[in-house]
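S.K.: Here it is, the structure, as structure tokens.
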Amino acid sequence: MKFVVQVRLFPTHAQHVIKKVADAYTTVRAQVKAKLRDPLTKPIGFRKDAAQPFDDRCLSWQIPDRAISIWTVHGRMKGIRFGCSDEQARLLAAYRKGESDLVRRDGMWLLIATCDVPDTDVTEPGGFLGVDLGIASIATTSDGTRHSGKAVNAVRHRNRELHRRLQAKRTKSAKRLLKRSRRTEARFARDLNHVMSKRIVTEAARTGRGIALEDLSGIRDRVRLRKPQRATLHTWSFHQLGSFIAYKAARAGVALVHVDPAYTSQGCSACGHVDKRNRPDQETFCCTSCGFAEHADVNTARNIAARGVAGWAAVMQPDAA
Ligand SMILES: [Zn+2]
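Per numbering that gives the first Met the number 0, numbering of the sequence shown is gapless, rising by one per residue and ending at 320.
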């Protein structure tokens, strides 16, 4: 009798389990076929705390109450509170679609929901806001706003010694601690990227401008030259900031142009004169031709803004370009 009840209550869970196993075997079969995997040395495993999908039959949202009800193997659990921002709640209420993934990470339960937000029509920009990405200042705009990297860099600096020690230990608990610490660090950087990208997009929308961003494909090499051990984290963080700006701009109908960053740091944003000596040090720009002086990052951002204007014209009139 009990068994019958369980089957009636959890058919979709059973389906998800079957689907998950079948998907895993499909993947492995493809890998074996492509000689990428030896099934004897690397069998399929399922982690106890792996993400589990829940569809609307198993999980219902009471967004105004910030609560969910969820079917579990112990029955229905009602009124489970969750935390999110007002903006996230608005998105969930209006655009949530499909399955949500339940994940347990660092002792926290997370629900990952997908929201399918339609893009707003892009407003014809009256000028461009240029954004320069860097290390001391993570993002500098052509208006002169500098978003400092101090907080993120301080956390990374503080953690570096700890990470080295944990890495050397090679025990299971050290590995776990290292993973947790890295995740906390990544979360911190992500929150900051959300704040910065929001400010940048809001400023562009408020002033009726588009956003010009340097094309990031070359950034890895450029950053690696300076600080090899930090390169990957920064590269990853830059790409995240770029993608946050892109989706927030799309949502707000703000035009976005990626520009070639070559010589943007050495060129004068007032007269166009390009010279290495325009940059006497990391922070200063002073044109050897016209005397224009500005913070180096702001000058770079102004050049990026100018290329944004040209890039937009080329997008709009491809034949003329
Ligand atoms: Zn100049």
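Glycine included, C-beta positions come from ideal geometry on N, C-alpha and C.
(1) With a Cβ-Cβ cutoff of 8 Å, do Ile43 and Ala23 count as a contact?
(2) Please work out which residues of its chain come closer than 6 Å, Cβ to Cβ, to Asp100, disregarding the five sequence neighbours upstream and downstream, and give them in chain order.
(3) What are the boundary residues of the alpha helix (DSSP H) that Ser99 is part of?
(4) Keeping to the same chain, check which residues put their C-beta closer than 7 Å to that of Arg301; ignore five residues upstream and five downstream.
(5) Please work out which residues of its chain come closer than 6 Å, Cβ to Cβ, to Ala92, disregarding the five sequence neighbours upstream and downstream, and give them in chain order.
(6) Between the alpha carbons of Val314 and Tyr246, how many angstroms are there, rounded?
(7) Report whether the distance from the Cβ of Phe291 to the nearest heavy atom of ligand 1 is below 7 Å.
(8) For the putative contact between Asn277 and Thr287, defined by C-beta atoms under 8 Å, what is the C-beta separation to the nearest angstrom?
(9) Would you mind reading off the limits of the alpha helix (DSSP H) that contains Val194?
(10) What's the call for Ile17, buried or exposed, on a 16-neighbour Cβ count within 10 Å?
(11) Just to confirm, is the Cβ distance from Pro279 to Cys270 under 8 Å?
(12) Short check: CB of Met195 to CB of Leu132, under 8 Å?
(13) For Gly271, does the three-state DSSP call read helix, strand or coil?
(14) The alpha helix (DSSP H) that contains Gln166, what's its start and end?
M.R.: For this structure:
(1) Counting from 1 along the sequence shown, the entry for residue 43 is found at position 44. Counting from 1 along the sequence shown, the entry for residue 23 is found at position 24. Result yes, Cβ atoms of Ile43 and Ala23 sit closer than 8 Å.
(2) Here residue 100 corresponds to residue number 101 of the sequence shown, with the count starting at 1. When the five nearest sequence neighbours on each side are left out, the beta carbons in the same chain lying within less than 6 Å of the beta carbon of Asp100 are those of Ala50, Pro52 and Ile111, in order along the chain.
(3) Counting from one through the sequence shown, the residue named residue 99 turns up at place 100. Note, Ser99: premise wrong, no alpha helix (DSSP H); beta strand (DSSP E) at Arg95 to Arg104.
(4) As a first step, residue 301 is located in the sequence shown; it is residue number 302 there, counting from the start. Closer than 7 Å at Cβ, skipping near neighbours: Gly129, Ser141 and Ser268.
(5) For this step, residue 92 is matched to residue 93 along the sequence shown. Exclusion of the five residues before and after Ala92 leaves Ile62 as the residues of its chain whose Cβ lies within less than 6 Å of its Cβ.
(6) Mapped onto the sequence shown, residue 314 falls at position 315. Mapped onto the sequence shown, residue 246 falls at position 247. So the two alpha carbons sit approximately 19 Å from each other.
(7) Start at 1 with the first residue of the sequence shown, and residue 291 comes out as number 292. Phe291: yes, Cβ under 7 Å from ligand 1.
(8) The residue given as residue 277 occupies position 278 in the sequence shown. The residue given as residue 287 occupies position 288 in the sequence shown. Right, their Cβ atoms sit about 6 Å apart.
(9) In the sequence shown, residue 194 corresponds to position 195, counting from 1. That run of the alpha helix (DSSP H) goes Lys171 to Arg205.
(10) On the sequence shown, position 18 is the one that residue 17 refers to. The residue in question, Ile17, is exposed, as its Cβ has fewer than 16 Cβ neighbours within 10 Å.
(11) Residue 279 sits at position 280 when you count from the first residue of the sequence shown. Residue 270 sits at position 271 when you count from the first residue of the sequence shown. Cβ atoms of Pro279 and Cys270: not closer than 8 Å.
(12) The residue given as residue 195 occupies position 196 in the sequence shown. The residue given as residue 132 occupies position 133 in the sequence shown. Against a cut-off of 8 Å, the Cβ pair of Leu132 and Met195 comes out as no contact.
(13) Residue numbering aside, residue 271 sits at position 272 when the sequence shown is read from its first letter. DSSP places Gly271 in coil when its eight states are reduced to three.
(14) As a first step, residue 166 must be located in the sequence shown, where it is residue number 167. From DSSP, the alpha helix (DSSP H) with Gln166 extends over Lys149 to Lys168.
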